[in-house]
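Worksheet: the structure to be examined is printed underneath.
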Amino acid sequence: MIDWRKAPRALVRQPGVHFLLLGGALFLLRAGIAPPVPRVAARAVPPVEAPRAKNLSEAPPKSRLTDDELLYREAVKIGLDQEKPVQRRLVQNMRFLQIDKNAGDGELYRQAREIGFDRTDPVVRRFLVEQMRLLARAGTGPEVFTEAELGNYLESHQEQFMLPVFVNFTHVYLSSDRRGKAIERDARRLLARLRAGHISPEAAPPLGDPFLMGHHSGMVAKSDLEGVYGAGFALEVARLPVGVWSGPVASAQGLHLVWIHETREREPAKLADVRSQIVLALAGERRDVRYAEYLRRLREKESSR
Amino acid sequence: MRHAAILSLSVLVLIPMLATAENPPPPAKLTEQRVGCENNQKLRRPLFGETHAHTSYSFDAVSLNTKNPPSDAYNYAKGHPIKITDPLGAQTRCAQLARPLDWAALTDHSEFFGELTMCGTSTAPGYDSETCQKFRANPGAESEVWGMGLTASTPQPPVICAPGNETCHQQSLTLWKSIQEAAEMAYDRTAACKFTSFIGYEWTSMPGYNNRHRNVIFRNEKVPVRPLSVFDTSNDEQHLWARLQTECLDAGHGCDVLTIPHNGNLSDGNLYTLPAGADKAYAVKRSTWEPLSEIQQGKGNSECRTGVGTTDPECGFEQLKYHNLNFVSFTRGTDDKPFAPNAFLRNVLKEGLAKEGTLGANPFQLGFAGGTDTHSALPGGTDEGNFQGLHGYQTADPQGLLSQVEFNPGALTVVWAEQNTRDAIFEAMRRRETYATSGSRPTVRLFAGWNLPEGLCTSPDFAAVGYDQGVPMGSSLRDRPADVTHGPRIAVMAMKDPGSQAPADPQPGSCAVYKPGADLQRIEIIKGWVDAQGMHERVFTVAQSSNSSLAGTVNTATCAPQSTNSATLCSVWTDPEFNSAVSAFYYARVLENPTCRWSTYTCKESGLDPFNVPACQQHLETYSNQAPAGGGLSPREIFSICCTMVPGPVVQPTEIPRIEQQRAWTSPVWYTPVVAAKKSSAKKSSAKKG
Numbered sequence: 061m062i063d064w065r066k067a068p069r070a071l072v073r074q075p076g077v078h079f080l081l082l083g084g085a086l087f088l089l090r091a092g093i094a095p096p097v098p099r100v101a102a103r104a105v106p107p108v109e110a111p112r113a114k115n116l117s118e119a120p121p122k123s124r125l126t127d128d129e130l131l132y133r134e135a136v137k138i139g140l141d142q143e144k145p146v147q148r149r150l151v152q153n154m155r156f157l158q159i160d161k162n163a164g165d166g167e168l169y170r171q172a173r174e175i176g177f178d179r180t181d182p183v184v185r186r187f188l189v190e191q192m193r194l195l196a197r198a199g200t201g202p203e204v205f206t207e208a209e210l211g212n213y214l215e216s217h218q219e220q221f222m223l224p225v226f227v228n229f230t231h232v233y234l235s236s237d238r239r240g241k242a243i244e245r246d247a248r249r250l251l252a253r254l255r256a257g258h259i260s261p262e263a264a265p266p267l268g269d270p271f272l273m274g275h276h277s278g279m280v281a282k283s284d285l286e287g288v289y290g291a292g293f294a295l296e297v298a299r300l301p302v303g304v305w306s307g308p309v310a311s312a313q314g315l316h317l318v319w320i321h322e323t324r325e326r327e328p329a330k331l332a333d334v335r336s337q338i339v340l341a342l343a344g345e346r347r348d349v350r351y352a353e354y355l356r357r358l359r360e361k362e363s364s365r
Numbered sequence: 002m003r004h005a006a007i008l009s010l011s012v013l014v015l016i017p018m019l020a021t022a023e024n025p026p027p028p029a030k031l032t033e034q035r036v037g038c039e040n041n042q043k044l045r046r047p048l049f050g051e052t053h054a055h056t057s058y059s060f061d062a063v064s065l066n067t068k069n070p071p072s073d074a075y076n077y078a079k080g081h082p083i084k085i086t087d088p089l090g091a092q093t094r095c096a097q098l099a100r101p102l103d104w105a106a107l108t109d110h111s112e113f114f115g116e117l118t119m120c121g122t123s124t125a126p127g128y129d130s131e132t133c134q135k136f137r138a139n140p141g142a143e144s145e146v147w148g149m150g151l152t153a154s155t156p157q158p159p160v161i162c163a164p165g166n167e168t169c170h171q172q173s174l175t176l177w178k179s180i181q182e183a184a185e186m187a188y189d190r191t192a193a194c195k196f197t198s199f200i201g202y203e204w205t206s207m208p209g210y211n212n213r214h215r216n217v218i219f220r221n222e223k224v225p226v227r228p229l230s231v232f233d234t235s236n237d238e239q240h241l242w243a244r245l246q247t248e249c250l251d252a253g254h255g256c257d258v259l260t261i262p263h264n265g266n267l268s269d270g271n272l273y274t275l276p277a278g279a280d281k282a283y284a285v286k287r288s289t290w291e292p293l294s295e296i297q298q299g300k301g302n303s304e305c306r307t308g309v310g311t312t313d314p315e316c317g318f319e320q321l322k323y324h325n326l327n328f329v330s331f332t333r334g335t336d337d338k339p340f341a342p343n344a345f346l347r348n349v350l351k352e353g354l355a356k357e358g359t360l361g362a363n364p365f366q367l368g369f370a371g372g373t374d375t376h377s378a379l380p381g382g383t384d385e386g387n388f389q390g391l392h393g394y395q396t397a398d399p400q401g402l403l404s405q406v407e408f409n410p411g412a413l414t415v416v417w418a419e420q421n422t423r424d425a426i427f428e429a430m431r432r433r434e435t436y437a438t439s440g441s442r443p444t445v446r447l448f449a450g451w452n453l454p455e456g457l458c459t460s461p462d463f464a465a466v467g468y469d470q471g472v473p474m475g476s477s478l479r480d481r482p483a484d485v486t487h488g489p490r491i492a493v494m495a496m497k498d499p500g501s502q503a504p505a506d507p508q509p510g511s512c513a514v515y516k517p518g519a520d521l522q523r524i525e526i527i528k529g530w531v532d533a534q535g536m537h538e539r540v541f542t543v544a545q546s547s548n549s550s551l552a553g554t555v556n557t558a559t560c561a562p563q564s565t566n567s568a569t570l571c572s573v574w575t576d577p578e579f580n581s582a583v584s585a586f587y588y589a590r591v592l593e594n595p596t597c598r599w600s601t602y603t604c605k606e607s608g609l610d611p612f613n614v615p616a617c618q619q620h621l622e623t624y625s626n627q628a629p630a631g632g633g634l635s636p637r638e639i640f641s642i643c644c645t646m647v648p649g650p651v652v653q654p655t656e657i658p659r660i661e662q663q664r665a666w667t668s669p670v671w672y673t674p675v676v677a678a679k680k681s682s683a684k685k686s687s688a689k690k691g
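Going line by line, the protein sequences match chains A and B. Just add 60 to the spot in the first sequence (first one is 1) and you have my numbering. Just add 1 to the spot in the second sequence (first one is 1) and you have my numbering.
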């Protein structure tokens, strides 16, 4: 049998306790090993009753308690400390300490609570705090958003969802390999011929050299051009006027005489095309708001005591 | 001027013939709900991406102090700057691509998804287990233990996973969901189609350290409930395919998937082997599941190795000295056996032809892919001038030179697809219309046929004619028409990597390094064939820059490429040794001008110039010769490698070159004699009747 009056002193001398304390300290110091993605528990967090007379938009009064302490206390209050992971941890501690080798799990759990491990064990405290965070962030079901909410998000994040400038052009290519030093002269002469002869974009490409990617771009964004022609070409083509022969524009492969058929300015994406991304982003935001709101109410409640 | 006139004349002559070249390839089948792309090229365009990258969701990346999750890796692939770990484990290093990728597949090891969740989430069961405590205390050492568990002939999950791996299965869902969400967030579903993400994972079979890994890549967002690991399937890839068949292809929700093997060079010949009793059905199944294989990645080249079934001098490129993933035992000198021929793809392709003769189908009809295998969440970080290291805190800067020097920044996969969407890219991979590059970004196009015009290089419609009168890279040649007496014609055209250029308005926190691309030096066609005398290969140079000298291609002071050779190369080549009774394959290898290897940049950063050996040695004397207190090499010993780099192509894998020729490899095209093809279909029909 254990003499409970001597137990605390005896416990302090136990190497196992030292191990636990050190382990706990290490635990608290640990950096995130893998990304902690919340596990949504199958229970909902009970609402914190808001003080009636206070406006929620006001900043809550400062409390001396940390967020973790507030969350820990709330977890105990709603009985999370009775849950199986806590029981397992406390029983594990007791078995490690070998205080009562013959006791069953139930008895060891009771003894651990009597000693106060449920309040002092850093792993249990951390578990309860994180469990509260998850509960506070979790909704009661799948996140559902109205069209208006989705639309508002898109509008307020328009820059993030802008479509780029598109351009559609035909080019006559002059190969630096084939023409060597004569390339600039050839380009100037051919450009003059194209302009003077009003040669159409359909008829012009055979007057130059063959190009691996063909001569008609279709609708392309600047970033589509960079991979093959180079960034300088992509930048310059986007600035050229529509419906005339321009150039020569330099690329990594030579020079190009360019006819712009159409340019399309930047425009916001359609909601239908970015819906899944907005839903994910909004769900994350909603979880953050829920948690902040929950914490705020906890603080207010604490301050009003 | 005369040249231009001849050119114009030849174009005019070609025009009537090209008028019939209106048979564009069919577009990809749409399996997802999304808007089409503004940029939709019927004749397809090259999309640069990669198929092999790890983030902090891989157990071994965690052990290397990598803390960046998939969302960071996608941001990096899209050209945004991210912070990554430094040698001390702090997130201080800036990494950014000078040019974004068009697409990327992230492939974290599916083994230990559950364990990582459990050990990193205090609310998870098993968090307080001894396994997790050890992992948190020393992730490097513990993950090595986990990795060693994978080398068993029957891998077992850690004890925390409980019988049947059920706990870890359950916990793996957390990371799997997060992987899917990150991919969805990164995927551009607008008409701009700027970036495509693929959901995937790496299946990590490695019995006896012999690499049999596969990257599993899903076509769209419809994926199985949870990923499969070797703990679910054993080490046998057939079990993986069987489970993927049930849980993906037959699940009835639009799931589609393929697997890409990698690192034949580290498989000791175990990656491309046939099981006992392999038959035609197996061969067909294998080539369907695995249309591609990695030919190059950070941990070395798998095309070929000089002395292993080839005398090709270009097969010394980025070779590792190891036979398999047991790097430690080799450095202790316990591994000196010869390399297995089928550790290298060129030999495997020959083996495929031989097996086609006996089985009736080619099990190794493999196109080429490239990846980085980064464990630092840096997909596509292949620039030799800005290599950050493959392995977390083991950086490629002077501090980590020796830990990375035998590795390289990795490779890219380029697909020819009509638009930048999952469906279009996935189908390109499936039909093998891909080429791999050793990291640079040349554009390479190849068609093969019997009647391709010999003047195709001067045609304004190279691709239209290629598709109409031939087949693209990755295909099997059509039957030879009766009136054709010559061998197959291969038309291959390449354009130089345009390089990168600093934008006028760089993003805040930008740290990209910009540089021009290198000129092209030559195009080779590699032919392999099998006849009664055995397996053969021959390398034909089919196009070469008029300036054949490689002198002066690099500014040795700055490592800047010098423009001395070609911006484009093209050739229509007819096989002069064609034997219509013999199966063959052909692929193109495009070699750029030599440029500085990444290690040369790093040495220069340290004030040690590999191009100036006397000065290098003199400066090396200023480095401490004192070994660190904990053991290891002194700074002088570490950096002595800068002064001993070899000037030219490497033959011995222990040598590090100052410069090397970056390159591209097109997927092959295959020729099968009509008689053999008929025989195999006759066998099939008699088997059906029987």
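Glycine included, each C-beta is placed from N, C-alpha and C at the ideal position.
- By a C-beta neighbour count over all protein chains shown, 10 Å radius and 16 as the cutoff for buried, is aspartate 348(A) buried or exposed? exposed
Practice task
Identify every residue that forms a DSSP beta bridge with serine 625(B).
Solution key: Paired residue(s): none; serine 625(B) is not in a bridge.
Margin query: Can you check which of these residues, Gly529(B), Tyr602(B), Thr569(B) and Phe345(B), is closest to phenylalanine 579(B) by C-alpha distance?
Written below: Gly529(B)
Review point. Chain A partners of valine 36(B), CB-CB under 7 Å?
Key: Asp333
**Prompt:** Hey, how far is the Cα of glutamine 97(B) from the Cα of cysteine 512(B)?
**Reply:** 6 Å
### Query
Taking Cβ positions only, does alanine 329(A) come closer than 8 Å to chain B?
yes
_If you measure between the beta carbons of proline 270(A) and threonine 459(B), is that distance less than 8 Å?_
yes
task: Could you check the C-alpha separation between threonine 557(B) and histidine 217(A) for me, to the nearest Å?
output: 47 Å
Problem - Residues from the region 228–242 of chain A in contact with chain B, defined by Cβ distance under 8 Å - result: Ser235, Ser236, Asp237, Arg238, Arg239 and Ala242
Taking 6 Å as the limit between beta carbons, can you name the residues of its chain near arginine 481(B), skipping five residues before and five after? Trp451
**Asked** Since glycine 150(B) is in the alpha helix (DSSP H), which residue starts that stretch and which ends it?
**Response** 140–150
At the 8 Å Cβ level, is histidine 321(A) part of the contact set with chain B, yes or no?
no
- prompt: DSSP state of glutamate 316(A), grouped into three classes?
  reply: The question names glutamate, but residue 316(A) is histidine in the sequence shown. Of the three classes helix, strand and coil, the one that applies to histidine 316(A) here is strand, per DSSP.
Is the separation between the beta-carbon of isoleucine 218(B) and that of leucine 259(B) shorter than 8 Å? yes
Can you give me the C-alpha to C-alpha distance between arginine 255(A) and leucine 44(B), rounded to a whole angstrom?
29 Å
task = For the region 272–303 of chain A, enumerate the residues whose C-beta is nearer than 9 Å to any C-beta of chain B, in chain order.
result = Leu272, Met273, Gly274, His275, Ser277, Gly278, Met279, Val280, Ala281, Ser283, Asp284, Glu286, Gly287, Val288, Tyr289, Gly290, Ala291, Gly292, Phe293 and Leu295
Quick one: measure Cβ to Cβ for tryptophan 574(B) and valine 540(B), integer angstroms, because I've assumed they're closer than 8 Å.
-> At roughly 12 Å, the Cβ-Cβ gap does not stay under 8 Å, so tryptophan 574(B) and valine 540(B) are not in contact.
Same chain, Cβ closer than 6 Å to alanine 94(A), five either side skipped, listed in chain order: Unreliable positioning characterises alanine 94(A) in this predicted model, as indicated by a pLDDT of 28, which lies under 50. The coordinate reading is nonetheless provided below. So no residue of the chain qualifies.
message = Can you tell me where the alpha helix (DSSP H) holding methionine 119(B) begins and where it ends?
response = 114–121
Any 3 or more C-beta pairs closer than 8 Å across the region 642–662 of chain B and the region 595–610 of chain B
yes
For aspartate 129(B), would you say it is in contact with chain A, using Cβ-to-Cβ distances shorter than 8 Å as the test? yes
ask   = Got a sec: is the Cβ-Cβ distance from lysine 497(B) to anything in chain A below 8 Å?
value = yes
Item to complete: Compare the C-beta of glutamine 420(B) against all C-beta atoms of chain A and say whether one is closer than 8 Å.
Response: no
Distance cutoff 8 Å, beta carbons only. Does serine 260(A) sit that close to anything in chain B? no
Given a cut-off of 8 Å on the beta-carbon distance, is the pair serine 564(B) and aspartate 520(B) in contact? yes
- Message: Less than 8 Å between CB atoms is the rule here; does glycine 150(B) satisfy it with respect to chain A?
- Response: no
Which of the three DSSP states is assigned to glutamate 167(B) in this structure?
helix
CB of glycine 303(A) within 8 Å of CB of serine 235(A), strictly: no
*asked:* If we define contact as Cβ-Cβ less than 8 Å, is valine 146(A) a contact residue for chain B?
replied: no
Flag this pair as touching only if the region 653–668 of chain B and the region 434–441 of chain B have three or more C-beta atom pairs under 8 Å; answer yes or no. yes
Q. So is histidine 376(B) buried or exposed if we call it buried at 16+ other beta carbons inside 10 Å?
A. buried
How is valine 224(B) classed by DSSP in three states: helix, strand or coil?
coil
Where the region 189–210 of chain A meets chain B: residues whose CB sits under 8 Å from a CB there: Glu190, Gln191 and Leu194
Paired residues, beta bridge with serine 692(B) - DSSP = Any property of residue 692(B) remains undetermined from this structure, which presents chain B solely from 2 to 691.
- Proximity test, Cβ basis, 8 Å: leucine 340(A) and chain B: yes
Discussion item. Report the CB separation of leucine 267(B) from asparagine 325(B) in whole angstroms; it is logged as a contact under 8 Å.
Written reply: 5 Å
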